[in-house]
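Student: Following this message is one structure expressed as structure tokens.
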Amino acid sequence: MGFSDILKYTNITTLSLTYRLEIASSVIKVNNQSLNLSLKLEDILKNYPRKSLVSTIVCAGNRRSDMIKYDIKKAELEEHSPYVKGLSWSEGAISTAEWTGVLLVDLLAYHLLPSNQRTNYQALYELLKNAGVRHIRFDGLDIDPTGGAFGSSLPIDLALDPQREVIIAFKMNNKPLTRDHGFPLRIIIPGSIGARQVKWLGQITLSTDESESFWQQGDYKYVLPMGDGKVPDLKGLPAILDYPVQSVICKPSDGQTLKNTGSVILSGYAFSGGGRGIISVRISSDGGRSWYQAKLSPASPPAAEGDVTDIDNPHSLKNRSVKQWAWTIWTVEVPIPSKCLIMLTDVFVCLNFIVQRAVTVVRTVLGGNLCTQLLITTIIFVYFGS
Numbered sequence: 031m032g033f034s035d036i037l038k039y040t041n042i043t044t045l046s047l048t049y050r051l052e053i054a055s056s057v058i059k060v061n062n063q064s065l066n067l068s069l070k071l072e073d074i075l076k077n078y079p080r081k082s083l084v085s086t087i088v089c090a091g092n093r094r095s096d097m098i099k100y101d102i103k104k105a106e107l108e109e110h111s112p113y114v115k116g117l118s119w120s121e122g123a124i125s126t127a128e129w130t131g132v133l134l135v136d137l138l139a140y141h142l143l144p145s146n147q148r149t150n151y152q153a154l155y156e157l158l159k160n161a162g163v164r165h166i167r168f169d170g171l172d173i174d175p176t177g178g179a180f181g182s183s184l185p186i187d188l189a190l191d192p193q194r195e196v197i198i199a200f201k202m203n204n205k206p207l208t209r210d211h212g213f214p215l216r217i218i219i220p221g222s223i224g225a226r227q228v229k230w231l232g233q234i235t236l237s238t239d240e241s242e243s244f245w246q247q248g249d250y251k252y253v254l255p256m257g258d259g260k261v262p263d264l265k266g267l268p269a270i271l272d273y274p275v276q277s278v279i280c281k282p283s284d285g286q287t288l289k290n291t292g293s294v295i296l297s298g299y300a301f302s303g304g305g306r307g308i309i310s311v312r313i314s315s316d317g318g319r320s321w322y323q324a325k326l327s328p329a330s331p332p333a334a335e336g337d338v339t340d341i342d343n344p345h346s347l348k349n350r351s352v353k354q355w356a357w358t359i360w361t362v363e364v365p366i367p368s369k370c371l372i373m374l375t376d377v378f379v380c381l382n383f384i385v386q387r388a389v390t391v392v393r394t395v396l397g398g399n400l401c402t403q404l405l406i407t408t409i410i411f412v413y414f415g416s
């Protein structure tokens, strides 16, 4: 994907010849010296076990355009200025790909543990924690308008968890990363928002503190509804990591006019971060009085194949409770009543439901789970005669 996470970047097309990934720490000592590794790209491609996974990356502001429309109408009724700020992303600030690279824990274990302990991830965690490391920082080679690098960080409990499968990626869909997608290396944090998945990765720092990047400290924070349009002090709020549950109607599109043939086929996607697989998507065309279960695709396309109703298929509904990093595509046919109001809800494996009442959030990141399509998607059906 190459949408909202493309910022200003330098000419990096020749970096493969001079590129180094720097790994540093002031609190981790190697031979009585502060950790300071400089790894060539060719070494990263050859010296470590490879890992491939299918993962969806989504902008935290995905579907902000829906919240903006709702906010404008609400502001008109209440006679005040609109609150919502940010780019008007529709439902397309999301994409899925297969990523190949090196697990972060494998790379760190290779350099910090004895050769016979390189799969002892608990030992790696204890080594870093005992040294005072609490966060792992990622800094890109691109420079933002403030003069700083685009950066993010993860707490070590997440970054060093092998089940979270954080990887340093060098391939996308089995091809080397392109410049727009982060060549030569990028971080893939499955289930997390796109802003944490730094492209053009230049440095990894094992740190006592969270990243000081503006994008970690001054944006992409959990902001609760305020009701007064004021932007809170973001530095005091926790950084967004995992993406919450969200479902979207993609076809028909918002505002599209269709002939009323008695029923309509709807399709879209559902996604939840943190590896929580989608187990149900339901659609109502009569304002919630009756519901229709959508047919779900394999949980991790394009890697998943076969019958998803087969219990032996690892991507079947019966097996969607573990590490589903990708979206689920759904489709359903519903009748068109005389008064049609399309509603959509979904359930992921923790049995959490999308809320069914819209609330206004100034920055509107993670907006899709704060406002369902009960209020913000209008699909118009017109009968042109028999």
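Sequential numbering from 31 applies to the sequence shown in the numbering used here.
Positions of the beta carbon are idealized from the N, C-alpha and C atoms, including for glycine.
For Ala54, collect the residues of the same chain with a Cβ closer than 8 Å to its Cβ; drop the 5 residues on either side in sequence, then sort them by chain order.
Tutor: Once the five neighbours on either side are set aside, the close Cβ partners of Ala54 are Ser64, Leu65, Asn66, Leu67, Gln233, Ile234, Thr235, Leu236.
Student: From Leu143 to Val135, what distance separates their C-alpha atoms?
Tutor: C-alpha separation (whole angstroms): 11 Å.
Student: For Val132 and Tyr78, which I take to be in contact (beta-carbon distance under 8 Å), what is that distance rounded to the nearest angstrom?
Tutor: Sure, about 4 Å apart at Cβ, within 8 Å.
Student: Whole-angstrom Cβ separation of Pro214 and Phe200, contact assumed at under 8 Å?
Tutor: Sure, about 6 Å apart at Cβ, within 8 Å.
Student: Give a yes or no on contact between the segment 272 to 280 and the segment 189 to 209, applying the rule of three or more CB pairs nearer than 8 Å.
Tutor: No, because fewer than three Cβ pairs between the segment 272 to 280 and the segment 189 to 209 fall closer than 8 Å, the two stretches do not touch.
Student: How is Trp245 classed by DSSP in three states: helix, strand or coil?
Tutor: In this structure, Trp245 counts as helix in the three-state DSSP scheme.
Student: Gln323 by DSSP, collapsed to three states: which one?
Tutor: Three-state DSSP puts Gln323 in a strand.
Student: According to DSSP, simplified to helix, strand and coil, what is Val389?
Tutor: Low local confidence applies: a pLDDT of 44 at Val389 is under 50, so the model's placement there is unreliable, with the coordinate-based value given in what follows. It is coil, neither helix nor strand.
Student: Looking at the structure shown, is Thr48 part of a helix, part of a strand, or coil, going by DSSP?
Tutor: Helix, per DSSP.
Student: Does the beta-carbon of Gly285, which I'm using as the reference point, lie nearer than 7 Å to any heavy atom of the ligand GTP?
Tutor: No copy of the ligand GTP occurs in the structure displayed, which carries no ligand at all.
Student: Give every residue of the same chain whose Cβ lies closer than 8 Å to the Cβ of Gly248, excluding the five residues on either side of it in the sequence, and list them in chain order.
Tutor: These residues qualify, in order along the chain: Leu264, Lys265.
Student: Contact check, Glu156 vs Leu83 under 8 Å by CB: the rounded distance?
Tutor: 26 Å between Cβ atoms; not a contact.
Student: Suppose you measure from the CA of Val362 to the CA of Ile124; what does that come to, to the nearest Å?
Tutor: Cα to Cα, the separation comes out at about 21 Å.
Student: Just list the residues that DSSP pairs His165 with in beta bridges.
Tutor: Looking at the DSSP assignment, His165 forms a beta bridge with Pro185, Ser237.
Student: Do Trp357 and Thr126 have their CB atoms nearer than 8 Å?
Tutor: In this structure, Thr126 lies closer than 8 Å to Trp357 by Cβ.
Student: Count the other CB atoms, across all protein chains shown, that sit within 10 Å of the CB of Asp169; report buried if there are 16 or more and exposed otherwise.
Tutor: Asp169 is buried by the Cβ-count criterion.
Student: Am I right that Val364 and Ile308 are in contact with their C-beta atoms under 8 Å? What's the rounded C-beta distance?
Tutor: In fact, because the Cβ distance is near 19 Å, the residues do not count as touching under 8 Å.
Student: Please say whether Trp360 and Val311 have beta carbons closer to each other than 8 Å?
Tutor: Yes, Cβ-Cβ distance for Val311 and Trp360 is below 8 Å.
Student: Excluding the 5 residues flanking His141 on each side, which residues of the same chain have their C-beta closer than 7 Å to its C-beta?
Tutor: Result list for His141: Leu67, in chain order.
Student: Determine, using beta carbons only, whether Phe244 and Thr86 come nearer to each other than 8 Å.
Tutor: It is not a contact, given that the beta carbons lie outside the stated cut-off.
Student: Mind checking which residues open and close the beta strand (DSSP E) that includes Tyr299?
Tutor: Note, Tyr299: beta strand (DSSP E), 293 to 301.
Student: Taking the Cβ atom as the reference point for each residue, do Gly292 and Ile366 lie within a distance shorter than 8 Å?
Tutor: Yes, the pair counts as a contact, with Cβ atoms nearer than the cut-off.
Student: Within a Cβ cutoff of 6 Å, which residues of the same chain sit near Trp321, ignoring the five residues on either side of it in sequence?
Tutor: Arg312, Ser314.
Student: Judging by CA-CA distance, which residue of Gly318, Gly303, Leu296, Gln246 is the nearest neighbour of Ala324?
Tutor: Nearest of Gly318, Gly303, Leu296, Gln246 to Ala324, Cα basis: Leu296.
Student: Starting from the C-beta of Ser56, find all residues in its chain whose C-beta is less than 6 Å away, skip the five residues before and the five after it, and write them out in chain order.
Tutor: Counting only Cβ-Cβ distances below 6 Å, and skipping sequence neighbours, we find Ser64.
Student: Any C-beta of chain B sitting closer than 8 Å to the C-beta of Arg167?
Tutor: Of the chains in the structure shown, none is chain B; there is only one protein chain.
Student: May I ask you to report which of helix, strand or coil DSSP gives Gln147?
Tutor: Three-state result, Gln147: helix.
Student: If I measure Cβ to Cβ from Ser182 and keep anything under 6 Å in the same chain, skipping five residues before and after, which residues do I get?
Tutor: Answer for Ser182: Phe168, Arg226, Val228, Ser241, Gln246, listed in chain order.
Student: For Val135, report the span of its beta strand (DSSP E) as first-last.
Tutor: From DSSP, Val135 is part of no beta strand (DSSP E) but of the alpha helix (DSSP H) over 134 to 142.
Student: Measure the alpha-carbon distance for Asn62 versus Ala90 and round it to whole angstroms.
Tutor: When rounded, the distance between both Cα atoms is 42 Å.
Student: Applying the 10 Å Cβ sphere with the 16-neighbour rule, what's the burial state of Val395?
Tutor: Residue confidence is low: Val395 scores 47 on pLDDT, short of 50, so the model does not pin down where it sits. No coordinate-derived value is stated.
Student: Whole-angstrom Cβ separation of Ser51 and Leu75, contact assumed at under 8 Å?
Tutor: Looking at the sequence itself, residue 51 is Leu, so the reference to Ser does not match. Not a contact, Cβ separation roughly 11 Å.
Student: With burial defined as no fewer than 16 other Cβ atoms inside 10 Å of the residue's Cβ, what is the status of Ser111: buried or exposed?
Tutor: Ser111 is exposed by the Cβ-count criterion.
Student: Roughly how many angstroms separate the alpha carbons of Asn146 and Ala153, rounded to a whole number?
Tutor: C-alpha separation (whole angstroms): 12 Å.
Student: When DSSP builds the beta bridges, which residues end up paired with Gln276?
Tutor: DSSP output for Gln276 lists Phe301 as bridge partner(s).
Student: Name the two residues that bound the continuous beta strand (DSSP E) containing Lys70.
Tutor: Start and end: 63 to 70.
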